[in-house]
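Trainee: Below you'll find the structure I mean.
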Amino acid sequence: MIADGPYDLVGVGIGPANLSLAALADPIDGLHAAFFEREPDFRWHPGLMIDGAFLQVPFLADLVSLVDPTSQLSFLSYLRARERLYPFYFAEKFHIPRTEYADYCAWVSRRLPDCRFEQSVRAVRWSAADEAFELTVEPVGRVLARNVVLGVGTEPKTPAPLAGLAVHSADYLPERDRLIATDDVTVVGSGQSGAEVFLDLLRARPARKGRLRWLTRTPAFAPMEYSKLGLEQFTPDYTRFFHGLAEPTRDALVPAQWQLYKAISADTIGEIFDELYRRTVGGGWPDVVLAPGVEVTEARRSGGRLDLELRHVQQGGHATVTTDAVVCATGYQERDLGDLLGPLATDLHRDEGGRLVVDADYRVGMSGPGSLYVQNAERHTHGVGAPDLGLIAWRAATILNSVCGKKVYPLPERTAFTTFGL
Ligand SMILES: Cc1cc2nc3c(=O)[nH]c(=O)nc-3n(C[C@H](O)[C@H](O)[C@H](O)COP(=O)(O)OP(=O)(O)OC[C@H]3O[C@@H](n4cnc5c(N)ncnc54)[C@H](O)[C@@H]3O)c2cc1C
490 MIADGPYDLV GVGIGPANLS LAALADPIDG LHAAFFEREP DFRWHPGLMI DGAFLQVPFL
550 ADLVSLVDPT SQLSFLSYLR ARERLYPFYF AEKFHIPRTE YADYCAWVSR RLPDCRFEQS
610 VRAVRWSAAD EAFELTVEPV GRVLARNVVL GVGTEPKTPA PLAGLAVHSA DYLPERDRLI
670 ATDDVTVVGS GQSGAEVFLD LLRARPARKG RLRWLTRTPA FAPMEYSKLG LEQFTPDYTR
730 FFHGLAEPTR DALVPAQWQL YKAISADTIG EIFDELYRRT VGGGWPDVVL APGVEVTEAR
790 RSGGRLDLEL RHVQQGGHAT VTTDAVVCAT GYQERDLGDL LGPLATDLHR DEGGRLVVDA
850 DYRVGMSGPG SLYVQNAERH THGVGAPDLG LIAWRAATIL NSVCGKKVYP LPERTAFTTF
910 GL
């Protein structure tokens, strides 16, 4: 049912970010909210649910616990509902499988009547007559809201030379059988997804099944920063510090922090190395190529195959390789919000780089009335923690406190041992 009057809060998209918001909004008395997702049910990166892949953050980074550990929608409540608390207790696992996190989120989404699936938001505009945002939602029609939170996530990014020629890692699982049966496969990109795809193909392809190649532009197959003090860069304290920096400083900082978000978990690196080592038993080297510092500058079809032009970033040398299939594990980019926010375009404040101005409460700077918030579209203002699951509950609570105009969720003043800034 769509209400006649404006909602207090409408969320666009139901990934972990807006699901956390919905879970924390649910117990707030009198807050009238709705969340719209275009998919038929909750989905979390289904193309990369590789067997044995783990969440990169501890289970406490669920949708609610870091703000409200007493919530009925915590990961531990989910385990209780599934009668799995004892097995979890004996498993002594802080890091849960990705499939389990997805199942937990789906369980939460089914407990929240305000979450509506198969409903796509096409546009958001301001209606002066209603003194509210007017959302065009298919197939339901017009929905009014005083506050709107965009949680539309990111989209797969493929380098220009490989566009239309490669499978993106986001679509890996449906292509897996074909890639296992293909003679010569090239994986491009050395983030966590690239490492997982490479490891999965390495393990699944029969020995002596053609060549497996792993190329990356970054200078090394580098481990993700996972030291305890290093992880304090994923705290509210660091987020506040980063938000207070000047725009050019923020822009210079994010790429310099690549090992916080673009690298590979040390465990996955270990598994890859051990698998390669196992293949050298009895002598000889496995027929794989692992080449860092290498960029694909051009690609073209050649018969049923693909010719890749390669350049070594440091040496400057060039080479051509011919392969049968390419998997691009080249990451994700923020969605273009042009269509969605088109009717508001002239009201939105933009920074020097043309990006949305986002305040400390995740509210977009706007000339007109109404409050529009974003989740996971604010790396330029809030830093590398924007997509991090360990910060989603805190961000959602910050937004709810702002929407409600009072501290419905008390948040800690201090969250790190490190002092960020003077
Ligand atoms: C494979 C993978 C594993 C990851 N693992 C971790 C991890 O272990 N730890 C960690 O901290 N981070 C991890 N991340 C990063 C991050 O947590 C995820 O990307 C997370 O899904 C971000 O959540 P989100 O809600 O912002 O976006 P998404 O999960 O992308 O959800 C956005 C939703 O919005 C919907 N949508 C978009 N537009 C509309 C519209 N107009 N109308 C209606 N619905 C719309 C989409 O269909 C989608 O369901 C991982 C990322 C990937 C790709």
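Residue 490 is where the sequence shown starts when you use our numbering, and the numbers rise one by one after that.
Every residue, glycine too, gets a C-beta built ideally from N, C-alpha and C.
#1: Is G541 near ligand 1, going by C-beta to nearest heavy atom under 8 angstroms?
#2: Determine the DSSP secondary structure at V770, reduced to helix, strand or coil.
#3: May I have a chain-ordered list of the beta strand (DSSP E) segments no shorter than 3 residues that lie completely inside the stretch 492-551?
#4: Taking S616 as part of the beta strand (DSSP E), name the residues at either end of that continuous run.
#5: Terminal residues of the continuous alpha helix (DSSP H) containing Q722?
#6: Quick check: the Cα distance between Y715 and A591, rounded to an integer number of angstroms?
#7: Go ahead and pull the three-state DSSP assignment for F583.
#8: Considering just the uninterrupted stretch of the beta strand (DSSP E) at Q822, what are its terminal residues?
#9: Which whole-angstrom value is the C-beta distance of T675 and T812, which I expect to be below 8 angstroms?
#10: For S658, does the count of other Cβ atoms within 10 angstroms reach 16, so buried, or fall short, so exposed?
#11: According to DSSP, simplified to helix, strand and coil, what is F909?
#12: Provide the residue span of the beta strand (DSSP E) that contains P645, from first to last.
#13: Whole angstroms are fine: how far does the CA of L911 sit from the CA of P535?
#14: On a Cα-Cα basis, can you pick out the residue from V853, F906, G874 and R868 that is closest to I888?
#15: For R903, which residues in the same chain have their Cβ closer than 8 angstroms to its Cβ, ignoring the five residues on either side in sequence?
#16: Roughly how far, in whole angstroms, is the beta-carbon of F577 from the beta-carbon of L568, given that I think they are within contact range, below 8 angstroms?
#17: Check for me: the beta strand (DSSP E) holding F564 runs from which residue to which?
#18: Can you name the residues that DSSP bridges to M855?
#19: Relative to the alpha-carbon of G782, which residue among A808, T870 and E764 has its alpha-carbon at the smallest distance?
#20: Is I761 near A684, with beta carbons less than 9 angstroms apart?
#21: Measure how close the beta-carbons of V638 and G500 come, nearest whole angstrom, since I'm counting them as under 8 angstroms.
#22: Can you look up M490 in the DSSP assignment and give me helix, strand or coil?
#23: Does the stretch 721-741 touch the stretch 665-680, meaning 3 or more C-beta pairs lie closer than 8 angstroms?
#24: Give the secondary structure of Y862 by DSSP, where H, G and I count as helix, E and B as strand, and everything else as coil.
#25: Are R702 and A788 touching if we call contact CB-CB under 9 angstroms?
#26: Go ahead and pull the three-state DSSP assignment for P558.
#27: For ligand 1, any of its heavy atoms closer than 8 angstroms to the Cβ of A617?
#28: Where does E784 sit, in a helix, a strand or coil, going by DSSP?
Mentor: Put simply:
#1: Taking the sequence shown and counting its residues from 1, one reaches residue 541 at position 52. Ligand 1 never approaches G541 closely enough for any of its heavy atoms to be under 8 angstroms from the residue's Cβ.
#2: For the purposes of this step, residue 770 is taken as the residue at position 281 of the sequence shown. Coil at V770, not helix or strand.
#3: As far as the stretch 492-551 is concerned, its whole beta strand (DSSP E) runs of at least 3 residues are 496-501 and 522-526.
#4: In the sequence shown, residue 616 corresponds to position 127, counting from 1. Counting along the chain, the beta strand (DSSP E) containing S616 begins and ends at S609 to S616.
#5: The sequence position of residue 722 within the sequence shown is 233, counting from 1. Per DSSP, Q722 belongs to no alpha helix (DSSP H) and is neither H nor E.
#6: The count along the sequence shown starts at 1 and reaches residue 715 at position 226. The count along the sequence shown starts at 1 and reaches residue 591 at position 102. Linking Y715 to A591 through their CA atoms gives a straight-line distance of about 23 angstroms.
#7: Along the sequence shown, read from residue 1 onward, the residue named residue 583 stands at position 94. In this structure, DSSP gives F583 a state outside helix and strand, which the three-state scheme calls coil.
#8: The residue you call residue 822 lines up with position 333 of the sequence shown. It spans Y821 to E823 - the beta strand (DSSP E) in which Q822 sits, taken as one unbroken run.
#9: Residue 675 sits at position 186 when you count from the first residue of the sequence shown. Residue 812 sits at position 323 when you count from the first residue of the sequence shown. The pair is a contact, with the Cβ atoms about 4 angstroms apart (cut-off 8 angstroms).
#10: Within the sequence shown, residue 658 is the residue found at index 169, counting from 1. If you draw a 10 Å sphere on the C-beta of S658, you find 16 or more other C-beta atoms in it, and that means buried.
#11: As a working mapping, residue 909 is identified with position 420 in the sequence shown. Coil, per DSSP.
#12: Taking the first residue of the sequence shown as 1, we reach residue 645 at position 156. Start and end: T643 to P645.
#13: Mapped onto the sequence shown, residue 535 falls at position 46. Mapped onto the sequence shown, residue 911 falls at position 422. When only Cα atoms are considered, P535 and L911 end up about 43 angstroms apart.
#14: Residue numbering aside, residue 888 sits at position 399 when the sequence shown is read from its first letter. The shortest C-alpha separation from I888 is found at V853.
#15: The count along the sequence shown starts at 1 and reaches residue 903 at position 414. Excluding the 5 residues flanking it on each side, R903 has same chain C-beta neighbours closer than 8 angstroms at D726, in chain order.
#16: On the sequence shown, position 88 is the one that residue 577 refers to. On the sequence shown, position 79 is the one that residue 568 refers to. The C-beta separation of F577 from L568 comes to about 5 angstroms, placing the pair in contact by the 8 angstroms criterion.
#17: To locate residue 564, count along the sequence shown from 1; it is residue 75. Premise fails: F564 lies in the alpha helix (DSSP H), F564 to A570, not in any beta strand (DSSP E).
#18: Mapped onto the sequence shown, residue 855 falls at position 366. Per DSSP, L837.
#19: To locate residue 782, count along the sequence shown from 1; it is residue 293. Taking only the C-alpha atoms, the option nearest G782 is A808.
#20: Residue mapping note: residue 761 aligns to position 272 of the sequence shown, counting from 1. Residue mapping note: residue 684 aligns to position 195 of the sequence shown, counting from 1. Yes, the Cβ-Cβ distance between I761 and A684 is below 9 angstroms.
#21: Working through the sequence shown from its first residue, we reach residue 638 at position 149. Working through the sequence shown from its first residue, we reach residue 500 at position 11. The Cβ separation is near 5 angstroms, so the contact holds.
#22: By one-based count along the sequence shown, residue 490 stands at place 1. Residue placement at M490 is flagged as unreliable, the pLDDT there being 43, under the threshold of 50; the coordinate-derived value follows with that caveat. Here M490 sits in coil by DSSP.
#23: No: the two stretches stay apart, fewer than three of their Cβ pairs being nearer than 8 angstroms.
#24: On the sequence shown, position 373 is the one that residue 862 refers to. Collapsing the DSSP output to three states places Y862 in a strand.
#25: As a first step, residue 702 is located in the sequence shown; it is residue number 213 there, counting from the start. As a first step, residue 788 is located in the sequence shown; it is residue number 299 there, counting from the start. No, they are not a contact pair.
#26: Working through the sequence shown from its first residue, we reach residue 558 at position 69. Here P558 sits in coil by DSSP.
#27: Indexing the sequence shown from 1 puts residue 617 at position 128. No - ligand 1 has no heavy atom lying nearer than 8 angstroms to the Cβ of A617.
#28: Position 295 of the sequence shown, counted from the start, is the residue given in the question as residue 784. Assignment of E784 by DSSP, reduced to helix, strand and coil, places it in the strand class.
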